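Structure record follows, encoded as C-alpha cells.
In the working numbering, the protein residues as written are 47 to 337.
In C-alpha cells, the structure reads:
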C-alpha cells in the first residue's frame with residue numbers, strides 16, 4: 047500500500063524539543079565527558095532588553111494591506127490577531143509582534159507534479175525583494191540557507207519512499223547579536239516560495255531589542271558542571287549511559303513568539319552524542335551563562 051507523505055523542513059535546525067524550564071536530569075547513572083576543548087570566552091557579555099510591543103487590529107490591517115488583504119482584523123485565539131481572505135491567512139502574535147502569513151491552498155499541500163521552483167540564488171533574490179518591498183526586512187538579517195519541503199510516496203509494507211518531489215522552497219535567515227548567534231523558536235525569519243517563484247508564505251519572529259546592562263558570565267567549565275547537575279534545558283532522550291559533548295558555544299536565546307520576554311540573556315549551547323549501549327542519539331542542552 048502506498049500513501050503520500052509531505053516532509054516539511056519548517057523545523058530545520060530545531061529538530062530536538064527542549065524542555066521549557068530548567069530540568070534536573072537523573073544524573074545518578076549518567077556520565078558526561080568532554081570530547082572538545084573548552085573555548086576561550088570573554089568574562090562579560092551584554093544583556094538586552096526587549097522593546098515592548100502593542101499590537102492592535104489597526105496594526106494587523108496595515109500589514110494585511112501590504113499583503114493584499116482588504117478586510118478587517120479580528121481575534122484568532124488568545125494572544126493572536128489575524129485576517130483571512132479566501133485561502134490566505136495572516137496571524138500576528140501580540141506577545142512579540144511575530145508575523146505568520148500563508149496561502150493555505152498552496153503551502154504544505156500535496157501536488158500532482160513538480161512545481162516550477164527557482165534555483166537557490168533566484169529564491170534568495172525573490173525572498174529579499176519580497177521582504178524589502180513590504181518593509182519587513184530586518185537590517186541584521188543574513189541569509190542562512192535554502193531548504194526544500196518535499197513530498198513522496200511511502201510503501202507502508204517496506205517503508206521505502208519513492209517519487210520524491212520538492213513542493214516549495216524555504217529561504218531561511220539568521221541573526222547575530224554582537225556577533226553571537228541568536229537561537230530559539232522566537233528568532234526566525236523564513237520565506238516560502240512555490241510554483242513559478244510565487245511567495246506563498248513567510249514567518250517573521252524578530253524582536254526589537256536594546257542594550258540593558260553588562261553581566262559577568264560563567265566560564266565554560268562552570269557551565270559544564272551545571273550541565274552535569276542537570277541545570278539546563280535538555281533536548282534528547284533520557285536514560286542514556288554516557289553523554290559525550292562534541293560542541294560548546296555561546297548564543298542568545300529568544301522564547302517562542304507567543305511568550306512574553308523582557309530580557310535576552312546569553313546561554314551556553316552543548317551538543318553531542320548520547321550512548322545507549324551500542325545505540326547513539328544526539329542531544330542539545332542550554333545552560334544559562336549569566337553568573
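Glycine residues also receive a C-beta, built at the ideal position from the N, C-alpha and C atoms. Please read these numbers as outputs of a predicted model, since none were measured by experiment.
Under the three-state reduction of DSSP, residue 265 is assigned to coil, being neither helix nor strand.
For residue 267, the number of other beta carbons within 10 angstroms of its own is below 16, and it is reported as exposed. Comparing alpha-carbon positions, the option among 141, 227, 133 and 255 lying closest to residue 246 turns out to be 133. For the stretch 83 to 155, the continuous beta strand (DSSP E) assignments of 3+ residues that do not extend past its boundaries occur at 90 to 96, 120 to 123, 126 to 131, 134 to 139 and 145 to 149, in sequence order. Runs of beta strand (DSSP E) with 3 or more residues, each lying fully within the stretch 214 to 255, are found at 226 to 229, 233 to 239 and 245 to 252, listed in chain order. Residues 52, 156, 211 and 213 of the same chain have their beta carbon placed closer than 6 Å to that of residue 197, with the five preceding and five following residues left out of the count.
DSSP places residue 177 in the uninterrupted alpha helix (DSSP H) bounded by 166 to 179. Exposed is the label assigned to residue 322, since fewer than 16 other Cβ atoms lie within 10 Å of its Cβ. Residue 81 and residue 230 have their C-alpha atoms some 25 Å from each other. A direct Cα-Cα distance of roughly 15 Å separates residue 253 from residue 224. Here residue 77 is bridged, per DSSP, to 288.
Listed in chain order, the non-local C-beta contacts of residue 260 below 8 Å within the same chain comprise 90, 91, 92 and 93, local neighbours out to five positions each way being set aside. The Cβ-Cβ distance between residue 337 and residue 262 falls below 8 Å. For residue 312, the enclosing beta strand (DSSP E) stretches over residues 312 to 322. Ranked by Cα distance from residue 130, the first of 143, 160, 109 and 289 is 109.
The residue among 120, 256 and 149 with its C-alpha nearest the C-alpha of residue 105 is 120.
Spanning the alpha carbons of residue 249 and residue 232 requires a straight line of approximately 11 Å. Comparing C-alpha distances from residue 192 to each of 202, 301, 172 and 140 shows the shortest one belongs to 172.
A Cβ-Cβ distance of about 5 Å is found for the pair residue 239 and residue 215, placing them in contact under the 8 Å criterion. Here residue 141 really is in contact with residue 304; their C-beta atoms are around 6 Å apart, less than 8 Å.
When only Cα atoms are considered, residue 320 and residue 333 end up about 17 Å apart. Beta-bridge annotation (DSSP): residue 157 is not paired with any residue. Distance from the CA atom of residue 175 to the CA atom of residue 298, rounded to whole angstroms, is 28 Å. As a beta-bridge residue in DSSP terms, residue 188 pairs with 220. Secondary structure at residue 273: helix, using DSSP grouped into helix, strand and coil.
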